[in-house]
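These notes are about the structure you will find just below.
Chains as they are written, first to last, in my numbering: chain R, 193 to 603; chain L, 712 to 811.
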């Protein structure tokens, strides 16, 4: 291969170019990234960065040694199409020269899902999602002491932002459609532990309710001055919660639209790309010379027992090396002892949660270390007696032992 | 020289955390001992709680930064700064660290 294009310049894209050079690829290497920023770290966006304890420079993932990678960075440019040529591929780029290449690494990630707009009010000031550093800067500017924040969605992003906002002196209400926030990933029993944390720290939590629409400020009876700014959140039960700021954390959508017509198959029904790019464990797509990795890619997981698009940070860090080896026709690289086990963490209210594996409804929870009341424990999830997942708070060593064991136990 | 523990008390693949003002972690990799500052340079985590790999690295238990035990350098995100390394001396079956 002479030229490889990496599409996507976040953690997965950066990890792919580092892995390509580490694997000995000496050809031309082009990275196309939609954001204008150098690769940066997203996890702090809802935590230390949002709290103002970190600045943009702290987020940078770049290292001085990256200069040796000899990468053509095309940042602030959006790939719009992938087209097979007689040999190799052509990648069209909005308002810029296309890229001709022999190999492609798809690492376009995902974007935040927006709330539907049934009343047709259009975009309102004060309504945010959080995915990029620009999102975080915009949100941070509005989280002023005394502001009323309504968080729509009680998942990890919503929970972390609620926790950070509280620190900033903001009044927080969190709305979750399910009966227990985080019951999906953690199960009812342990999801409830985190749900209770919100309440004890002073967040108003509403569960089992659905958001119907966002309400402009001039329609809430609170403020009749600005029809283009949000003023409240109307619930399906008829209540309207006042809001100066709304944060929508209801999941993500893979950035795969640009692959329409490329022949790349998606993991959704009938090859639908809305389910992410379908890949093998090694990262191969159905097209030769095209691999995919990171948040935009979906593959069968022995932990989930189905095809799934894992959006974990560690996956975007570690899997690109595997995908790159596939692209170059090299054997899979040596990975750390726990690679391959889904793993994520979350920091909320000063507690550090770690989770590995995959929870299914019906898995049996056992506390194997510490106790729940003290918020320092390790819980193991078992299915038919076998450990399938582990959750730890403030117990990295014991948690790590179980995480390692999950890597060696055949499921 | 700071006494760590008896050689017999630090099996292969394990780590010993020296509780000093700046804690130090001592690792046994295939019978060879290495000492580094214990706290990950990315976020407050004890590297002695991490995973010791065969290629003489330790993986932070929180966010998977791998540090080379010989040089202290991280080989990838999220850590960008190295940890300090220290010399290890074994005398009469006891492990000692010499702070650098």
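The beta-carbon is built from N, C-alpha and C at its ideal position, and this holds for glycine as well.
Please name the residue or residues paired with residue i in a DSSP beta bridge.
{"i": "residue 736/L", "result": "728/L and 747/L"}
{"i": "residue 341/R", "result": "364/R and 437/R"}
{"i": "residue 275/R", "result": "282/R"}
{"i": "residue 471/R", "result": "Its beta-bridge partners do not exist; DSSP assigns none."}
{"i": "residue 779/L", "result": "768/L"}
{"i": "residue 303/R", "result": "445/R"}
{"i": "residue 320/R", "result": "439/R"}
{"i": "residue 225/R", "result": "267/R"}
{"i": "residue 575/R", "result": "578/R"}
{"i": "residue 458/R", "result": "469/R"}
{"i": "residue 797/L", "result": "746/L"}
{"i": "residue 785/L", "result": "778/L"}
{"i": "residue 583/R", "result": "547/R and 571/R"}
Output the boundary residues of the beta strand (DSSP E) element that contains residue i.
{"i": "residue 538/R", "result": "535-540"}
{"i": "residue 265/R", "result": "264-267"}
{"i": "residue 446/R", "result": "444-446"}
{"i": "residue 546/R", "result": "543-549"}
{"i": "residue 195/R", "result": "195-199"}
{"i": "residue 714/L", "result": "713-717"}
{"i": "residue 233/R", "result": "It is not in any beta strand (DSSP E) - residue 233/R carries neither H nor E in the DSSP assignment."}
{"i": "residue 217/R", "result": "No beta strand (DSSP E) contains residue 217/R, which DSSP labels as neither H nor E."}
{"i": "residue 407/R", "result": "403-408"}
{"i": "residue 563/R", "result": "556-563"}
{"i": "residue 424/R", "result": "422-427"}
Whole-angstrom Cβ separation of residue i and residue j, contact assumed at under 8 Å?
{"i": "residue 390/R", "j": "residue 366/R", "result": "6 Å"}
{"i": "residue 437/R", "j": "residue 335/R", "result": "7 Å"}
{"i": "residue 512/R", "j": "residue 207/R", "result": "4 Å"}
{"i": "residue 305/R", "j": "residue 442/R", "result": "5 Å"}
{"i": "residue 239/R", "j": "residue 268/R", "result": "In fact, because the Cβ distance is near 26 Å, the residues do not count as touching under 8 Å."}
{"i": "residue 549/R", "j": "residue 762/L", "result": "At roughly 16 Å, the Cβ-Cβ gap does not stay under 8 Å, so residue 549/R and residue 762/L are not in contact."}
{"i": "residue 764/L", "j": "residue 528/R", "result": "6 Å"}
{"i": "residue 799/L", "j": "residue 783/L", "result": "Going by Cβ atoms, the distance from residue 799/L to residue 783/L rounds to 13 Å, so no, they are not a contact pair."}
Say whether chain R places a C-beta atom closer than 7 Å to the C-beta of residue i.
{"i": "residue 734/L", "result": "no"}
{"i": "residue 822/L", "result": "Within the shown structure, residues of chain L are numbered from 712 to 811, placing residue 822/L beyond reach of any answer."}
{"i": "residue 741/L", "result": "no"}
{"i": "residue 722/L", "result": "no"}
{"i": "residue 793/L", "result": "no"}
{"i": "residue 790/L", "result": "no"}
{"i": "residue 775/L", "result": "yes"}
{"i": "residue 725/L", "result": "no"}
{"i": "residue 770/L", "result": "yes"}
Which residue comes first and which comes last in the alpha helix (DSSP H) that contains residue i?
{"i": "residue 377/R", "result": "375-393"}
{"i": "residue 297/R", "result": "Taken as a continuous stretch (DSSP letters only), residue 297/R belongs to no alpha helix (DSSP H), being part of the beta strand (DSSP E) at 295-298."}
{"i": "residue 512/R", "result": "505-520"}
{"i": "residue 209/R", "result": "203-214"}
{"i": "residue 242/R", "result": "240-243"}
{"i": "residue 480/R", "result": "That residue, residue 480/R, is in no alpha helix (DSSP H); it is neither H nor E in DSSP."}
{"i": "residue 498/R", "result": "Not the alpha helix (DSSP H): residue 498/R falls in the beta strand (DSSP E), residues 498-500."}
{"i": "residue 251/R", "result": "248-251"}
Beta-carbon of residue i versus every beta-carbon of chain L: anything under 7 Å?
{"i": "residue 506/R", "result": "yes"}
{"i": "residue 592/R", "result": "yes"}
{"i": "residue 233/R", "result": "yes"}
{"i": "residue 181/R", "result": "Only positions 193 to 603 of chain R appear in the structure, and residue 181/R is not among them; the question remains open."}
{"i": "residue 589/R", "result": "yes"}
{"i": "residue 355/R", "result": "no"}
{"i": "residue 528/R", "result": "yes"}
Can you grab the Cα-Cα spacing for the pair residue i / residue j, in whole Å?
{"i": "residue 532/R", "j": "residue 735/L", "result": "30 Å"}
{"i": "residue 575/R", "j": "residue 554/R", "result": "8 Å"}
{"i": "residue 605/R", "j": "residue 534/R", "result": "Here chain R covers residues 193 to 603 and nothing more, so residue 605/R does not appear."}
{"i": "residue 319/R", "j": "residue 250/R", "result": "26 Å"}
{"i": "residue 266/R", "j": "residue 456/R", "result": "23 Å"}
{"i": "residue 746/L", "j": "residue 302/R", "result": "40 Å"}
{"i": "residue 806/L", "j": "residue 193/R", "result": "51 Å"}
{"i": "residue 447/R", "j": "residue 500/R", "result": "15 Å"}
{"i": "residue 274/R", "j": "residue 298/R", "result": "10 Å"}
{"i": "residue 247/R", "j": "residue 516/R", "result": "32 Å"}
{"i": "residue 750/L", "j": "residue 486/R", "result": "28 Å"}
{"i": "residue 530/R", "j": "residue 579/R", "result": "15 Å"}
{"i": "residue 601/R", "j": "residue 584/R", "result": "19 Å"}
{"i": "residue 546/R", "j": "residue 404/R", "result": "33 Å"}
{"i": "residue 337/R", "j": "residue 358/R", "result": "9 Å"}
{"i": "residue 525/R", "j": "residue 571/R", "result": "32 Å"}
{"i": "residue 504/R", "j": "residue 757/L", "result": "22 Å"}
{"i": "residue 587/R", "j": "residue 566/R", "result": "12 Å"}
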